[in-house]
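Just so you know, we're using our numbering here: the sequence shown kicks off at 712 and counts up by one. Positions of the beta carbon are idealized from the N, C-alpha and C atoms, including for glycine. Since this is a predicted model, take the numbers as computed values, not measurements. Input: a single structure, listed below in structure tokens.
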Amino acid sequence: LLSSQRRLAALALAALLPLEPKALGCLEEVLSLCVSALADEEQPPPSPARSPPPEPVRAAFPHALEPFDSLAAMPLRPALQRSLGVAQEAHGAAFGAAIARVDPALLEQVRAAFGTV
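In structure tokens:
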């Protein structure tokens, strides 16, 4: 996935967690995607010298949409923290049980990325 696609997928899936109890079955995958999306944001953008020259129309299109893209302007970490917090409140013990099943190495990455879960 591209960084922008990973970001959108992480936001969408994290937003689904509080709404659908069945989504807790995918909590580990959602958390992994969230950590990856946050890591993407911390990476410096690729050097333009390494990228092949884009086609003029295709290159201009994403830049023309930027003023209208509210997701790109949304701070990712707070949005994901909010969704996970709401899911925790909505599902209570079921959320805790799902967290207990998460791989300890991933859980450590989640704690490092979010400060807590």
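Where does residue i land, buried or exposed, given buried means 16+ other C-beta within 10 angstroms?
| i | result |
| --- | --- |
| Arg812 | exposed |
| Leu722 | buried |
Please look up how many angstroms separate the CB atoms of residue i and residue j, rounded, as I've assumed it's under 8 Å.
| i | j | result |
| --- | --- | --- |
| Gln792 | Phe825 | 6 Å |
| Leu727 | Ala805 | With 8 Å as the limit, Leu727 and Ala805 do not qualify as a contact, their Cβ atoms being about 15 Å apart. |
Select from the options the residue whose C-alpha is nearest the C-alpha of residue i.
| i | options | result |
| --- | --- | --- |
| Thr827 | Leu795, Asp814, Phe779 | Leu795 |
| Arg788 | Glu752, Glu740, Glu731 | Glu752 |
| Pro729 | Ala750, Val797, Ala771 | Val797 |
If you check the beta carbons only, do residue i and residue j fall under 8 Å apart?
| i | j | result |
| --- | --- | --- |
| Leu744 | Arg717 | yes |
| Val821 | Leu742 | yes |
| Ala783 | Glu777 | yes |
Would DSSP call residue i helix, strand or coil?
| i | result |
| --- | --- |
| Leu818 | helix |
| Val746 | helix |
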